[in-house]
Amino acid sequence: MTAKKPHFNDISVSKKIRFKRTRLGMSQKQLGSQLGITFQQIQKYEKGLNRVGAGRLKEIADILDVPISFFYTDLSVKENALSSW
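Taking the UniProt record's numbering, I'd label the letters of the sequence shown as residues 1 to 85.
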């Protein structure tokens, strides 16, 4: 059985979590601690191995002090470009 490839949207959200976390100088362990999960789970989110649920993403947005739309900004641009074809 082969593993499913992560969807483009999931990868984009994952990269933005990592980007903002590192810009704040926050470790995976620190973010995980604030969320009540392990740093390994943060690693899985950031690598796109595990999907981030809507509720969890809201918690991450609050901790990283960004609006939830921060994680989706580039996605709407891509969707608009694709729909114009």
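Glycine included, each C-beta is placed from N, C-alpha and C at the ideal position.
From a predicted model like this one, the values you see are computed outputs, not experimental measurements.
Query                                                                                                                                                            : Result
For D74, I'd like the list of residues in its chain whose CB is within less than 7 Å of its CB, leaving aside the five on either flank, ordered along the chain. : S12
Is any beta-carbon of chain B found at less than 9 Å from that of K29?                                                                                           : Looking at the structure shown, chain B is missing, and only one protein chain is on hand.
Within 10 angstroms of its Cβ, does F8 collect 16 or more other Cβ (buried), or is it exposed?                                                                   : exposed
Could you check if L82 is buried or exposed, using at least 16 other CB atoms within 10 Å of its CB as the buried criterion?                                     : Residue confidence is low: L82 scores 44 on pLDDT, short of 50, so the model does not pin down where it sits. Its coordinate-derived value is still stated next. That one is exposed.
DSSP three-state call for L24: helix, strand or coil?                                                                                                            : coil
What residue range is occupied by the uninterrupted alpha helix (DSSP H) comprising Y45?                                                                         : 39 to 47
With distances taken between CB atoms, is the gap from I60 to L31 smaller than 9 Å?                                                                              : yes
DSSP three-state call for K4: helix, strand or coil?                                                                                                             : coil
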